[in-house]
Ligand code: AHG
Ligand code: MN
Ligand code: MN
Ligand code: MN
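In our numbering, the protein residues as written are 25 to 358.
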């Protein structure tokens with residue numbers, strides 16, 4: 025049940041709490057909150073007007089772009105540009121970083137944003153949850169100079185804030201600034217997000233494993249062994265299997281119901297599929313802030329220094345003991 029605290033009020037803060045409303049970070053989170061409402065409104069019309077399906081172009085990853093991929097990308101870029109609140113954006117749908125010089129053309133904004141404007145976009149046409157993922161960093165280049173690629177190639181540890189907007193049965197905005205995770209549900213009739221999930225903590229004992237098992241034969245031996253372990257009749261197993269195919273939805277379920285979500289490397293995908301900057305890092309930050317763990321099978325996602333803005337990374341995230349168990353199987357098979 026939603027409380028009567030709204031996201032706007034939450035950003036204002038209570039005496040003694042962090043107050044974001046009048047800070048650049050607060051204004052940036054407000055811009056994201058607004059763009060999320062615009063995208064939510066558009067997605068809710070899918071099937072009624074001609075906004076589903078592909079657009080006929082591919083992105084830098086070679087994926088066919090959906091109409092709503094492009095709509096969401098433009099909604100977030102335009103909102104962040106018009107509000108003059110970031111100096112640059114990396115998006116899944118843009119090959120190169122987008123430079124934003126600001127209304128006075130002086131590069132004075134201090135934050136950069138990485139984003140997956142629409143995650144799980146192959147699920148749009150079948151009415152399944154999709155989402156927007158975002159991560160926020162301080163630029164490392166000096167204020168007053170154009171944004172550089174290095175501003176985006178920071179380890180996830182440097183994230184100032186991260187989160188997602190899920191367009192599911194409800195639209196929700198979930199984010200962290202490093203002080204726990206809070207979730208807000210949109211009341212679409214009045215356009216206001218209410219605090220519905222304060223201080224989210226991943227349940228300690230999970231019994232769900234989530235992976236695209238269609239890739240099983242191509243997984244490393246350690247991952248195969250771990251999957252067999254999940255399925256064995258022993259102690260509290262077999263675990264239940266769930267896989268939406270939208271990372272946002274799979275990770276969100278894991279945060280609320282416990283368990284583990286993973287997208288390993290495979291013979292055809294030596295680094296897995298998920299992108300480090302705008303999929304793995306923001307969701308790893310959330311998972312850790314909710315008391316869980318997120319690794320690439322060997323090391324913490326957030327410790328990895330990116331080398332490329334669109335680089336891919338295996339991802340194992342969820343309840344800590346389950347993630348450690350998966351890592352143990354991987355280490356034993358190596
Ligand atoms: P996107 O739609 O942003 O390109 O991301 C798709 C990702 C992610 O959302 C999901 O978990 C994964 O692709 C599903 O991939 P498979 O179909 O290989 O399981
Ligand atoms: Mn895509
Ligand atoms: Mn995605
Ligand atoms: Mn996407």
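Note that CB positions come from ideal geometry on N, CA and C, so glycine has one too.
Computed from a predicted structure; not experimentally measured.
- Item | Proximity below 8 Å, CB of residue 360 to CB of residue 346 | No answer is possible for residue 360: the residues shown for the chain start at 25 and end at 358.
- Item | Endpoints, beta strand (DSSP E) assigned at residue 198 | As a first step, residue 198 must be located in the chain shown, where it is residue number 174. Per DSSP, residue 198 belongs to the beta strand (DSSP E) from 195-200.
- Query: Going straight from the alpha carbon of residue 295 to that of residue 303, what length do you get?
  - Reply: Numbered from its first residue, the chain shown carries residue 295 at position 271. Numbered from its first residue, the chain shown carries residue 303 at position 279. Distance between the alpha carbons of residue 295 and residue 303 is about 14 Å.
- Task: Below 8 Å on the Cβ atoms is my guess for residue 189 versus residue 156; work out the distance and round it to an integer in Å.
- Result: Position 165 of the chain shown holds residue 189. Position 132 of the chain shown holds residue 156. Contact holds; Cβ gap of about 5 Å.
- Message: Less than 7 Å separating the Cβ of residue 81 from some heavy atom of ligand 2?
- Response: Here residue 81 refers to the residue found at position 57 of the chain shown. No.
- Apart from the five residues on each side of it in sequence, which residues of its chain come closer than 7 Å, Cβ to Cβ, to residue 173? For the purposes of this step, residue 173 is taken as the residue at position 149 of the chain shown. Excluding the 5 residues flanking it on each side, residue 173 has same chain C-beta neighbours closer than 7 Å at 121 and 333, in chain order.
- Query: residue 223: buried (16+ other C-beta within 10 angstroms of its C-beta) or exposed?
  - Reply: The residue given as residue 223 occupies position 199 in the chain shown. Its Cβ having fewer than 16 others within 10 Å, residue 223 is exposed.
- Contact test: residue 145 Cβ vs ligand 4 heavy atom, cutoff 7 Å: To locate residue 145, count along the chain shown from 1; it is residue 121. It does: the Cβ of residue 145 is within 7 Å (strictly closer) of some heavy atom of ligand 4.
- Task: Figure out for me which residue from 221, 200 and 202 has the closest Cα to the Cα of residue 208.
- Result: Looking up residue 208 in the chain shown gives position 184. Distances from the CA of residue 208 to each of 221, 200 and 202 were compared; the closest alpha carbon is that of 221.
- Contact test: residue 274 Cβ vs ligand 1 heavy atom, cutoff 7 Å: Position 250 of the chain shown holds residue 274. For residue 274, the shortest separation between its Cβ and any heavy atom of ligand 1 lies below 7 Å.
- Message: Would residue 192 and residue 153 qualify as a contact pair, given that the criterion is a beta-carbon distance under 8 Å?
- Response: Taking the first residue of the chain shown as position 1, residue 192 is located at position 168. Taking the first residue of the chain shown as position 1, residue 153 is located at position 129. Yes.
- Going by the C-beta, is residue 98 closer than 7 Å to any heavy atom of ligand 3? Locating residue 98 in the chain shown gives position 74, where the first residue counts as 1. Incorrect: residue 98 has no Cβ contact closer than 7 Å to ligand 3.
- Message: I'd like to know whether the C-beta atoms of residue 92 and residue 148 end up nearer to each other than 8 Å.
- Response: In the chain shown, counting from the first residue as 1, residue 92 sits at position 68. In the chain shown, counting from the first residue as 1, residue 148 sits at position 124. Yes, the pair counts as a contact, with Cβ atoms nearer than the cut-off.
- Query: What first and last residue would you give for the beta strand (DSSP E) that runs through residue 190?
  - Reply: The residue labelled residue 190 in the question sits at position 166 within the chain shown. Element bounds for residue 190: 185-191.
- Item | Continuous beta strand (DSSP E) stretch holding residue 143: start and end | Taking the chain shown and counting its residues from 1, the one referred to as residue 143 is at position 119. Where residue 143 is concerned, the enclosing beta strand (DSSP E) starts and stops at 135-143.
- Report yes if the C-beta of residue 142 is less than 7 Å from at least one heavy atom of ligand 4; otherwise report no. Residue 142 sits at position 118 when you count from the first residue of the chain shown. Because some heavy atom of ligand 4 lies under 7 Å away, the Cβ of residue 142 counts as near it: yes.
- Query: In this structure, what does DSSP give as the bridge partners for residue 294?
  - Reply: Taking the first residue of the chain shown as position 1, residue 294 is located at position 270. Residue pairing by DSSP puts residue 294 in a beta bridge opposite 296.
- May I have the straight-line CA-CA distance separating residue 37 from residue 205, to the nearest angstrom? Position 13 of the chain shown, counted from the first residue, corresponds to residue 37. Position 181 of the chain shown, counted from the first residue, corresponds to residue 205. Looking at the two C-alpha atoms, the distance is approximately 15 Å.
- Query: Taking residue 29 as the reference, which of 180, 254, 52 and 218 has the closest Cα?
  - Reply: Residue mapping note: residue 29 aligns to position 5 of the chain shown, counting from 1. Nearest option by C-alpha distance: 218.
- Task: Taking residue 72 and residue 197 to be in contact with their CB atoms under 8 Å, please state how far apart those CB atoms are, rounded to whole angstroms.
- Result: Mapped onto the chain shown, residue 72 falls at position 48. Mapped onto the chain shown, residue 197 falls at position 173. That belief does not hold up - the Cβ atoms of residue 72 and residue 197 are roughly 24 Å apart, past 8 Å.
- Item | Spatial distance of residue 68 from residue 97 (CA atoms) | Taking the chain shown and counting its residues from 1, the one referred to as residue 68 is at position 44. Taking the chain shown and counting its residues from 1, the one referred to as residue 97 is at position 73. When rounded, the distance between both Cα atoms is 17 Å.
- Candidates 318, 231, 99 and 180: closest to residue 255 by CA position: The residue you call residue 255 lines up with position 231 of the chain shown. With distances taken between Cα atoms, residue 255 lies closest to 231.
- Which one of 116, 50 and 142 has the shortest CA to CA distance from residue 66? Mapped onto the chain shown, residue 66 falls at position 42. Taking residue 66 as reference, the option from 116, 50 and 142 with the minimal CA-CA separation is 142.
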